[in-house]
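Colleague: Protein chains in written order, with my numbering: chain A, 1 to 182; chain B, 1001 to 1182.
Glycine included, each C-beta is placed from N, C-alpha and C at the ideal position.
Number of protein chains: 2
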Amino acid sequence: MARVGLTKELVVLAAAEIADRDGLDALTLAALAAALGVKTPSLYAHLGGLDDLRLRLAALAAAQLGDVLAPAAAGLSRGEALREIGHVYRQWANEHPGLYAALQPASPAREPAAEQVLALVLAVLRGYGLEGDQAIHAARTVRAALHGFVTLEAQGGFGIPVDLGDSFAWMLAALDRGLASA
Amino acid sequence: MARVGLTKELVVLAAAEIADRDGLDALTLAALAAALGVKTPSLYAHLGGLDDLRLRLAALAAAQLGDVLAPAAAGLSRGEALREIGHVYRQWANEHPGLYAALQPASPAREPAAEQVLALVLAVLRGYGLEGDQAIHAARTVRAALHGFVTLEAQGGFGIPVDLGDSFAWMLAALDRGLASA
DNA sequence: AGCCACTTCCTACGGCTCTTAGGTTAGCGC
DNA sequence: GCGCTAACCTAAGAGCCGTAGGAAGTGGCT
């Protein structure tokens, strides 16, 4: 019985790879164990089970997204910052569909990263002169638009053959105008 | 063996009720059969299986959403029409979380209703002077914002204790300004 | 009325999922 | 070299979807 030498980190990374390649639904403990060259019950030495795996995946995703987003708006303001954050957000989501999907049911595991992103967005919104409740409304607006677009795109929800990148850029420009005139 | 007298319609309606009450994930053939007072395999007389049930649910959801949305913007234009459509959309989604979720993986089953909704939105956008590709970009923007907000709301994705209705109204107003200045 | 055919509904089963319980063995520290 | 930890295993159970094949209620036809 040659030991594989798994660690929690290796297991979660392998899970992320499966989720991104085959979809989050294809991430089963059986598939994960097979990918690691191990029998399914052996995973319970490293994980608390499927729910625990999903939480760890969500935490990993939140951390990664936070890391790519953090430097995106450095030195930019208003429209430029919004556009940059938007494009980085969309690109990361497109490159990591499984991880992005794992982010979905809001869980405590991703709370810290969520607050990091929120702070980042609020900083940009201050450039628009938005504070207090206004800033919260605006942050939710931006988040809803980004999340909605990326989600619909991932699910093939946009049927019409008009370039999605153009539409995304158009949306960010419209958001910029909407925020600027608040 | 008293017969229950099921029909495809009754089965799908019962499924919709379970999905809305307990969540789409809780909609299993076993749960559906139990709710109908029948054993699981009996459902196969009315359905092709779980995938088929999900498609039928998506078709039902698309039809319902189209029906409530169609008269929403009658006699209104621009900002008022957008606000009305938005509120009806959100209200329906909040009242039917299971059906709304069933709409998710874009399937051929909901195509007709999707086109109906698209035509409705495009009509409103004409009020903003948007045509051709511009109108497509704008329609995608509106859809992304609505879908994103409603989805995040359903998942408890908005943590901060600021009124969600206010945020939604703010988003619709921001969209209106963004579209008006396109 | 009586019978036939249809369709609903059933039991039984196989394969997949996650999960727990308990035993074996590899490899590190003493 | 020996023992302890933990990584890994087999075995088993509950729940899921889906298929196969049989029994029974219901409507139509003679």
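Kindly list, in the order they appear in chain B, the residues whose Cβ is closer than 9 Å to that of alanine 145(A).
Modeller: By Cβ distance, chain B contributes Thr1141, Ala1144, Ala1145, Gly1148, Phe1149, Met1171 and Leu1175.
Colleague: Roughly how many angstroms separate the alpha carbons of glycine 148(A) and leucine 103(A), rounded to a whole number?
Modeller: So the two alpha carbons sit approximately 14 Å from each other.
Colleague: Shorter than 8 Å from the beta carbon of histidine 87(A) to some beta carbon of chain B?
Modeller: It does not; no Cβ of chain B falls within 8 Å.
Colleague: Could I get the ranges of all uninterrupted beta strand (DSSP E) runs contained in the region 1083-1126 of chain B, with 3 residues as the minimum, in chain order?
Modeller: Counting whole runs of 3 or more residues, the region 1083-1126 of chain B contains no beta strand (DSSP E) stretch at all.
Colleague: Quick check: what's the CA-CA separation for valine 1011(B) versus valine 1117(B)?
Modeller: Their Cα atoms are separated by approximately 26 Å.
Colleague: Smallest Cα separation from arginine 1110(B): which of Gly178(A), Arg110(A), Gly98(A) and Gly159(A)?
Modeller: With distances taken between Cα atoms, arginine 1110(B) lies closest to Gly159(A).
Colleague: Return helix, strand or coil for phenylalanine 1168(B), following the three-state DSSP convention.
Modeller: Looking at phenylalanine 1168(B) - three-state DSSP - the assignment turns out to be helix.
Colleague: Expressed to the nearest angstrom, what Euclidean distance is found between the alpha-carbon atoms of tryptophan 170(A) and leucine 152(A)?
Modeller: Using only the alpha carbons, I get a separation of about 16 Å.
Colleague: Tell me, please, whether the CB atom of alanine 182(A) is closer than 8 Å to any CB atom in chain B?
Modeller: By this cut-off, alanine 182(A) is an interface position.
Colleague: Verify whether the separation of the beta carbon atoms of leucine 179(A) and alanine 138(A) is less than 8 Å.
Modeller: Taking 8 Å as the Cβ cut-off, leucine 179(A) and alanine 138(A) qualify as a contacting pair.
Colleague: Give me the chain B residues within the contact set of valine 117(A), using Cβ-Cβ distance strictly less than 8 Å, ordered along the chain.
Modeller: Within 8 Å Cβ-Cβ: nothing; valine 117(A) doesn't reach chain B, min ~12 Å.
Colleague: Apart from the five residues just before and just after glutamate 1050(B), which ones in its own chain have a Cβ nearer than 7 Å to its Cβ?
Modeller: Strictly speaking, residue 1050(B) in this sequence is leucine, with glutamate absent from that position. For leucine 1050(B), where only same-chain residues beyond five positions count, the Cβ hits under 7 Å are Leu1029.
Colleague: Identify the continuous alpha helix (DSSP H) that holds alanine 138(A) and give its terminal residues.
Modeller: Residues 132-154.
Colleague: Identify the contact partners of glycine 157(A) in chain B, using a Cβ-Cβ distance below 7 Å as the criterion.
Modeller: Here the neighbours are Ala1106.
Colleague: In terms of residues, what are the limits of the alpha helix (DSSP H) holding lysine 185(A)?
Modeller: No statement about residue 185(A) is possible, as the shown extent of chain A runs from 1 to 182 and does not include it.
Colleague: I need the boundaries of the alpha helix (DSSP H) containing isoleucine 1018(B), first residue and last residue.
Modeller: First-last of the alpha helix (DSSP H) with isoleucine 1018(B): 1008-1022.
Colleague: Of the residues Ala1182(B), Ala1173(B), Gly1165(B) and Ala1119(B), which one's Cα is nearest the Cα of alanine 173(A)?
Modeller: Minimum Cα distance to alanine 173(A) is reached at Ala1182(B).
Colleague: Starting from the C-beta of alanine 154(A), find all residues in its chain whose C-beta is less than 6 Å away, skip the five residues before and the five after it, and write them out in chain order.
Modeller: So the qualifying residues of the chain are Pro97.
Colleague: Would you say serine 1077(B) reaches chain A, if we count a Cβ-Cβ gap shorter than 8 Å as a contact?
Modeller: For serine 1077(B), the answer is no, since every Cβ of chain A falls outside 8 Å of its Cβ.
Colleague: Would alanine 31(A) and lysine 39(A) qualify as a contact pair, given that the criterion is a beta-carbon distance under 8 Å?
Modeller: Their beta carbons are not under 8 Å apart, which means alanine 31(A) does not touch lysine 39(A) by this criterion.
Colleague: Measuring only between beta-carbons, confirm whether glycine 1178(B) sits less than 8 Å from chain A.
Modeller: With 8 Å as the cut-off, glycine 1178(B) counts as an interface residue toward chain A.
Colleague: Using a cut-off of 7 Å between C-beta atoms, extract the partners of valine 162(A) located in chain B.
Modeller: Those within 7 Å of valine 162(A) in chain B are Asp1133 and Ile1136.
Colleague: Output, in chain order, the set of chain A residues within a Cβ distance shorter than 7 Å of aspartate 1166(B).
Modeller: Ordered by position in chain A, the residues that pass the 7 Å Cβ test against aspartate 1166(B) are His137.
Colleague: Looking at chain B, is there any beta carbon in it that lies within less than 8 Å of the beta carbon of leucine 256(A)?
Modeller: The structure shown has nothing for residue 256(A), since chain A only spans 1 to 182.
Colleague: At which residues does the alpha helix (DSSP H) containing alanine 1062(B) begin and terminate?
Modeller: Segment 1050-1069, the alpha helix (DSSP H) holding alanine 1062(B).
Colleague: Where leucine 120(A) and glycine 86(A) are concerned, what is the direct C-alpha to C-alpha distance, given to the nearest angstrom?
Modeller: Roughly 12 Å separates the two Cα atoms.
Colleague: Could you check if glutamate 95(A) is buried or exposed, using at least 16 other CB atoms within 10 Å of its CB as the buried criterion?
Modeller: Result: exposed.
Colleague: How long is the line joining the alpha carbons of arginine 1056(B) and valine 1150(B), rounded to whole angstroms?
Modeller: Cα to Cα, the separation comes out at about 22 Å.
Colleague: Which residues in the same chain as alanine 1073(B) place their Cβ atom closer than 7 Å to its Cβ, once the five residues preceding and following it in sequence are excluded?
Modeller: Within the same chain, alanine 1073(B) has close Cβ partners Ala1081, Glu1084, Ile1085, Leu1120 and Val1124.
Colleague: Is the beta carbon of alanine 61(A) closer than 8 Å to that of leucine 99(A)?
Modeller: For leucine 99(A) and alanine 61(A), yes; Cβs fall inside 8 Å.
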